[in-house]
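Asker:
Protein chains in written order, with the numbering used here: chain W, 7 to 272; chain A, 598 to 857; chain B, 2 to 271.
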């Protein structure tokens, strides 16, 4: 037992050492390349210049500080995401549970699914203008499609035996849906929500790069237009950090909502 | 056989009903066609697109332009991603060196790199190919790595019992048995890359007059929603065709490995 | 918690037939199956694979309607699933998202029983099946044997009139299987619901049953019935440990007889 412990401990130490080596060497290489070889701040700013860019953003850049722009992006993403979930999950479940709903909605979903969400951005601008509502519309689409698809699959793939078992114990149709099919499909539904979150985040960045007056994507574009590469890089880093935080938040949510799956790995 | 024909015709019928609903709304409410054209206008546009030149040419020019960018980015993703994934799967130190960088870059949506990509590789093909590369590569790397690591231990043991060394095990056991998973990675990569292409054409397409993304944008700029919608339909159809054909190929590969 | 002590026939199968429509044509799974089960009887059913044993249970549980003939419970035609016919599945069929206690409680809650009553029953069956201390474990945290105990407790908690078991121990290893066979007899004898028990193990069938039914190959008909109780003539051996019963000459003889009947069916098939 203790030997196994020390082995995983050593493994963890090794991983940490390798990670440090790789991150440090990338930073050193980046620094040397940009400062001593390329010498063009506009094309590739050095790590220190990027930190300077982050500093500039926190102090305020084009209408507000970093928090303002992050908040602007997040507000749109969360609004659209929640609406997309609110429509997509029930719709997918109903399509799987009631065949008539599937027959009516199915063809439309099948035809719309292969169209990448960013392709809707120009149309959204045409319909709603470049303000918030157009972006929310696109985010809704980006989140809705994977939710419909995964919820549908989740319900359709409920193990038949579980339904049978519940029926032999006297469960009616409602109980079968809410207490068997939905909980049984929950991991798949949650996986759809995870894909939806990634899509929504990628889509908002794309939408803000096309047309916006605030937001993290807008910061990158503004940096590009104003020849301020450090600001661009700082914008990208902010996007990465927010994305990482969202991932962790989602993992936490996932472990809370499907606790029985964690025990699988123990 | 007749069953699938039945479902297909029902599908078509329901879809036609939806199209009729769309048409009825634009007609009854007298919707401004720059805002939402009736489906008939969109179909007319689809028909004329093939012959009428817009921007750099007719529809086929735009399709080929988009496909060229996609192919460039995707080919690079395969050339870099598969060897890198294999190396990460087979050599632990490489895995431990690359993973931290990989994980740090992954939460950044590929399209966020577009402005830098323009600075580094020039507007249009270069920048767009780079964005597609970034979008398509992660699933390819992950699956290639997973495929090597999930090689059936019993097969490796069997090969070693017969005296195979590490390189021979890699070449004759790990690589062949990894093909189905690698292919799955390629499929996801195609889907991601196709999605990124459209975003890249919208963001990094300034100055270019070629590509399906350009057509969508052009429809919006000239207040021709029918052009945007027609281009979206073309994008959807090509995306669906890519998906279906890869699915077919996938089935072939799965069957191929089941025999070994 | 006493079962009503019925006499006479509990379950009655009258000329039962089941034909499945498949792409390659129709397949008859059951054909003219007739049999009467008395209340509190422990019936085991053996027969070659695909002989319609599972179909018989599906029909009895009400999950499937027969294409011909009738299945009656207490004189009334079975029209659908109901809590008086509980089922234990080969793959356990526990709800993976519910801890042990909630799994057992499910049927009681669905049928609208009050919380206090539910708690009492669930606690009782958790005790009887030896699950005390595992109430809050998820099924995946339990071994196969423990999972099947949960499934049995879940079925028994319904206090069913009929307990249907579809190869319940097939997924267990040989040692656990032996233990569970003895356990099941002990648990069953507390309230003695009528049992239909499908198995591929002749030994298991002869050890536990009041009557062993042997079925023919597809389409499944009743080939013969071996009345173990009548054959033994005195106290049933199922209250004793299996390894001792294995040494009883009468047991060996009956096991041999049942096996000869089954073997004939399998060899006809080949």
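Even for Gly, the Cβ is constructed at its ideal location relative to N, Cα and C.
Treat the numbers as computed from the prediction; the structure is a model and nothing was measured.
My output table needs one value for residue 10(B): the three-state DSSP class, helix, strand or coil.
Answerer: Reduced to three states, the DSSP call for residue 10(B) is strand.
Asker: Alpha carbon to alpha carbon, how far is residue 137(B) from residue 246(B)? Give it in angstroms, no decimals.
Answerer: Rounded to the nearest angstrom, the two C-alpha atoms are 37 angstroms apart.
Asker: Comparing the C-beta of residue 64(B) with each C-beta of chain W, is any distance below 8 angstroms?
Answerer: Yes, contact with chain W.
Asker: How would you call residue 231(W), buried or exposed, if buried means at least 16 neighbouring beta carbons within 10 angstroms?
Answerer: When all chains shown are included, residue 231(W) counts as exposed.
Asker: Less than 8 angstroms between the CB atoms is what I'm expecting for residue 850(A) and residue 739(A), so what's the real figure, rounded?
Answerer: Contact flag wrong, Cβ pair sits at about 18 angstroms.
Asker: If you run the structure through DSSP and keep just helix, strand and coil, what is residue 687(A)?
Answerer: Residue 687(A): helix per DSSP, three-state reduction.
Asker: Assuming residue 181(B) and residue 149(B) are in contact, meaning their beta carbons sit under 8 angstroms apart, how far apart are those beta carbons, in whole angstroms?
Answerer: About 7 angstroms separates the two Cβ atoms, so the contact holds.
Asker: Curious, which full-length alpha helix (DSSP H) runs of at least 4 residues does the segment 639-724 of chain A contain?
Answerer: The segment 639-724 of chain A contains these whole alpha helix (DSSP H) runs: 656-687, 689-702 and 711-718.
Asker: Straight-line CA distance for residue 242(B) to residue 52(B)?
Answerer: Straight-line Cα distance between these residues: approximately 31 angstroms.
Asker: From what residue to what residue does the beta strand (DSSP E) around residue 225(B) run?
Answerer: From DSSP, the beta strand (DSSP E) with residue 225(B) extends over 223-228.
Asker: Compare the Cα-Cα distances from residue 830(A) to each of 810(A), 603(A), 787(A) and 699(A) and report the closest residue.
Answerer: Measuring from the Cα of residue 830(A), the nearest candidate turns out to be 810(A).
Asker: Return the CA-CA distance between residue 839(A) and residue 787(A), expressed in angstroms with no decimal places.
Answerer: The straight-line gap from Cα to Cα measures roughly 8 angstroms.
Asker: Residues of chain W with CB closer than 8 angstroms to the CB of residue 825(A), please, in chain order.
Answerer: Near residue 825(A) (Cβ distances below 8 angstroms), the residues of chain W are 128, 129 and 132.
Asker: So residue 822(A) packs on residue 631(A), CB below 8 angstroms; how close in whole Å?
Answerer: Indeed, because the Cβ distance is near 6 angstroms, the residues count as touching under 8 angstroms.
Asker: Skipping 5 residues on each side, what residues in its chain have a beta carbon closer than 8 angstroms to that of residue 1(B)?
Answerer: Any property of residue 1(B) remains undetermined from this structure, which presents chain B solely from 2 to 271.
Asker: With 16 other CB atoms within 10 Å as the buried threshold, where does residue 22(W) fall?
Answerer: Classification of residue 22(W): exposed, given that the 10 Å Cβ count is below 16.
Asker: Quick one: Cα of residue 274(W) to Cα of residue 743(A), how far?
Answerer: Outside the modelled stretch of chain W, which goes from 7 to 272, sits residue 274(W), for which no answer is possible.
Asker: Hey, would you say residue 667(A) sits closer than 8 angstroms to residue 790(A), going by beta carbons?
Answerer: Yes, these two residues count as a Cβ contact at 8 angstroms.
Asker: Any beta carbon of chain B sitting closer than 8 angstroms to that of residue 176(W)?
Answerer: So yes, residue 176(W) belongs to the interface.
Asker: Since residue 15(B) sits in a beta bridge, which residues does DSSP pair it with?
Answerer: Looking at the DSSP assignment, residue 15(B) forms a beta bridge with 71(B).
Asker: Tell me the DSSP secondary structure of residue 32(B) in three-state form.
Answerer: Strand, per DSSP.
Asker: Quick one: which residues of the segment 183-197 of chain W get their C-beta closer than 8 angstroms to a C-beta of chain B? List them in chain order.
Answerer: Those residues of the segment 183-197 of chain W that come within reach of chain B (Cβ to Cβ, closer than 8 angstroms) are 185, 186, 189, 190 and 192.
Asker: Would you identify the three-state DSSP class for residue 1(B), choosing helix, strand or coil?
Answerer: It is not possible to answer for residue 1(B), since the shown part of chain B is limited to 2 through 271.
Asker: What would DSSP say about residue 203(W), mapped onto helix, strand or coil?
Answerer: Residue state, collapsed to three classes: helix.
Asker: At least one CB of chain W closer than 8 angstroms to the CB of residue 599(A): is that the case?
Answerer: Annotation note: pLDDT 47 at residue 599(A) (below 50); position unreliable, no value reported.
Asker: Under 9 angstroms Cβ-Cβ, which residues of chain W neighbour residue 189(B)?
Answerer: Within chain W, no residue comes near residue 189(B); the closest Cβ sits about 18 angstroms away, beyond 9 angstroms.
Asker: Would you mind working out which of 83(W), 189(W) and 193(W) sits nearest residue 148(W), comparing C-alpha positions?
Answerer: Checked all of 83(W), 189(W) and 193(W); the closest Cα to residue 148(W) is 83(W).
Asker: Would a check of beta-carbon distances place residue 1(B) closer than 8 angstroms to chain W?
Answerer: Past the boundaries of the shown model lies residue 1(B); chain B is included only from 2 to 271, so the question cannot be answered.
Asker: Tell me whether the beta-carbon of residue 193(B) lies closer than 8 angstroms to the beta-carbon of residue 266(B).
Answerer: No, they are not a contact pair.
Asker: Within 10 angstroms of its Cβ, does residue 21(B) collect 16 or more other Cβ (buried), or is it exposed?
Answerer: Residue 21(B) should be labelled exposed.
Asker: Whose C-alpha, out of 766(A), 779(A), 719(A) and 774(A), is nearest the C-alpha of residue 741(A)?
Answerer: Closest option to residue 741(A), Cα to Cα, is 779(A).
Asker: Assign residue 234(W) to one of three DSSP states: helix, strand, or coil.
Answerer: Here residue 234(W) sits in coil by DSSP.
Asker: Return the first residue and the last residue of the beta strand (DSSP E) that residue 195(B) is part of.
Answerer: Run containing residue 195(B): 195-199, per the beta strand (DSSP E) assignment.
Asker: With three or more C-beta pairs closer than 8 angstroms as the rule, is the segment 179-187 of chain W touching the segment 159-170 of chain W?
Answerer: Taking 8 angstroms as the limit for Cβ pairs, the verdict is that the segment 179-187 of chain W does touch the segment 159-170 of chain W.
Asker: Would you call the segment 679-699 of chain A and the segment 20-35 of chain W in contact, with 3 or more CB pairs under 8 angstroms?
Answerer: Contact holds: three or more Cβ-Cβ distances are below 8 angstroms.
Asker: Three or more C-beta pairs under 8 angstroms: does that hold for the segment 124-135 of chain W against the segment 63-71 of chain W?
Answerer: With the cut-off at 8 angstroms, the segment 124-135 of chain W and the segment 63-71 of chain W do not touch.
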